[in-house]
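According to numbering that gives the first Met the number 0, the stretch in the sequence shown is residues 0 to 295, in order. Working notes, structure below.
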Amino acid sequence: MAGAESRLHAFPEGLAFARELGRATGAEVRVVDLHRFPDGESLLRVRGPVGRRAVVVRPLDAPNERLVEVVLAADALRRAGARHVTLVAPYLPYMRQDAVFAPGQPVSQRAVAAMLGQAFDRVLTVEAHLHRVRSLSQVFPVPALSVSAAPAVGRWVRGSGTGAEDVVLVGPDEESTATLRAVAEAAGGLRWVVGRKFRRGDRDVRVTLPRVRADRAVVVDDVASSGRTIAATAERLLGSGVRRVDAVVVHAVFARGALAALRASGLGRVASCDTIVHRTNAIPVAGLLAPHLGPA
Numbered sequence: 000m001a002g003a004e005s006r007l008h009a010f011p012e013g014l015a016f017a018r019e020l021g022r023a024t025g026a027e028v029r030v031v032d033l034h035r036f037p038d039g040e041s042l043l044r045v046r047g048p049v050g051r052r053a054v055v056v057r058p059l060d061a062p063n064e065r066l067v068e069v070v071l072a073a074d075a076l077r078r079a080g081a082r083h084v085t086l087v088a089p090y091l092p093y094m095r096q097d098a099v100f101a102p103g104q105p106v107s108q109r110a111v112a113a114m115l116g117q118a119f120d121r122v123l124t125v126e127a128h129l130h131r132v133r134s135l136s137q138v139f140p141v142p143a144l145s146v147s148a149a150p151a152v153g154r155w156v157r158g159s160g161t162g163a164e165d166v167v168l169v170g171p172d173e174e175s176t177a178t179l180r181a182v183a184e185a186a187g188g189l190r191w192v193v194g195r196k197f198r199r200g201d202r203d204v205r206v207t208l209p210r211v212r213a214d215r216a217v218v219v220d221d222v223a224s225s226g227r228t229i230a231a232t233a234e235r236l237l238g239s240g241v242r243r244v245d246a247v248v249v250h251a252v253f254a255r256g257a258l259a260a261l262r263a264s265g266l267g268r269v270a271s272c273d274t275i276v277h278r279t280n281a282i283p284v285a286g287l288l289a290p291h292l293g294p295a
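Pasting the structure below:
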């Protein structure tokens, strides 16, 4: 992707991630200027020359404003001369609502995919929350790819212990199985177990687990929002005799009070990938996306 024909256009909160992509691909990085009016509307400006193949880089947490703004950026880039526009959204929101769970609900996954598919020629993300569909290409009307974070998470797990511990990876529910299996393999073939989650509300979660015997357990999940699922898992593990419990999440959504809930559970270290800017970021993943930034 290197060369004058390709440029990365990053919103301020995506700038560090874009610079890592730029170093890996040889592409220039330009900042998108953003202004918000008192009524909440946004005005942005892309800096030219924009390149024939332009890439918008932005994590899409706080999605209700950021989704609109990346669509505006795609329009601005095309008006400035871009022929092909890719969205790199390290975190892609609204993927969990992939079915109608109660009468009157939307399928948010499909609605957001349709909106982004109209604005962009291609979409790349990390570890999209997919369960009833196998790939993003089944959801988006344009080429779309979700890259696994497992290689980076596995390296972190392998390097974060003493080397002499008996370590087990733990997934809080069956939805974490695919991610957990891939992380275990990337970490050198660690043991792993999966629990069952019973959710009665956004912050009311109960987790059951099979018997776990280990010096250290690492809870692995793709998205952490309230933190209650990981906290409940950690409490069960510590109650069963595991001496140390850490957690690693791909997307540190972390609503207010989430980290406090995790600390109160007795959890040790909490690490996250840098798909969302957060103080727990310890695992860079831009390098996983770089090989996929060539032509679709």
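Built from N, CA and C at the ideal position, the CB exists for glycine as well.
For residue i, name the three-state secondary structure that DSSP assigns.
i, result
"Arg123", "Note on identity: in this sequence residue 123 is Leu, with Arg being the wrong assignment. If DSSP states are grouped into helix, strand and coil, Leu123 belongs with the strands."
"Met0", "Low local confidence applies: a pLDDT of 47 at Met0 is under 50, so the model's placement there is unreliable, with the coordinate-based value given in what follows. Coil at Met0, not helix or strand."
"Phe197", "strand"
"Glu27", "strand"
Expressed to the nearest angstrom, what Euclidean distance is found between the alpha-carbon atoms of residue i and residue j?
i, j, result
"Ala15", "Asp245", "26 Å"
"Ala3", "Ala53", "The predicted model places Ala3 with a pLDDT of 46, which falls under 50 and marks its position as unreliable; any figure quoted below should be read in that light. Rounded to whole angstroms, Ala3 to Ala53 spans 11 Å at the Cα level."
"Ser332", "Gly153", "Because the chain here runs from 0 to 295, residue 332 falls outside it and cannot be looked at."
"Val298", "Val193", "The first residue shown for the chain is 0 and the last is 295, placing residue 298 beyond what the model contains."
"Leu258", "Arg278", "11 Å"
"Gly80", "Ala285", "26 Å"
"Phe197", "Arg6", "45 Å"
"Arg46", "Val219", "39 Å"
"His34", "Pro11", "11 Å"
"Val49", "Val146", "26 Å"
"Val28", "His8", "6 Å"
"Ser134", "Leu144", "7 Å"
"Ser175", "Asp221", "7 Å"
"Leu91", "Ala213", "34 Å"
"Pro250", "Cys272", "Residue identity check: residue 250 is His in the sequence provided, not Pro. Looking at the two C-alpha atoms, the distance is approximately 6 Å."
"Gly293", "Arg82", "14 Å"
"Val87", "Leu123", "5 Å"
Would you give the residue range spanned by the beta strand (DSSP E) that residue i belongs to?
i, result
"Ala281", "Asn280 to Ile282"
"Val138", "Counting along the chain, Val138 falls outside any beta strand (DSSP E), and DSSP gives it neither H nor E."
"Arg109", "It is not in any beta strand (DSSP E) - Arg109 instead sits in the alpha helix (DSSP H) that spans Ser107 to Ala118."
Going by DSSP, what residues sit across from residue i in a beta bridge?
i, result
"Phe10", "Phe10 pairs with nothing; no bridge assigned."
"Thr207", "Arg195"
Taking the alpha helix (DSSP H) that residue i belongs to, which residues open and close that run?
i, result
"Arg227", "Arg227 to Gly238"
Decide if the segment 65 to 80 is in contact with the segment 121 to 135; the criterion is three or more beta carbon pairs, one per stretch, under 8 Å apart. The segment 65 to 80 is not in contact with the segment 121 to 135.
Pair every Cβ in the segment 94 to 107 with every Cβ in the segment 60 to 74, then say whether three or more of these pairs are closer than 8 Å. These segments do not touch.
Can you confirm whether the segment 236 to 244 touches the segment 21 to 34 when touching is taken to mean that 3 or more C-beta pairs between the two stretches lie within less than 8 Å? Taking 8 Å as the limit for Cβ pairs, the verdict is that the segment 236 to 244 does not touch the segment 21 to 34.
Pair every Cβ in the segment 251 to 266 with every Cβ in the segment 227 to 237, then say whether three or more of these pairs are closer than 8 Å. Flag = yes, the segment 251 to 266 and the segment 227 to 237 touch.
Sufficient close CB pairs (3 or more, under 8 Å) joining the segment 219 to 236 to the segment 104 to 118: No, the segment 219 to 236 does not touch the segment 104 to 118.
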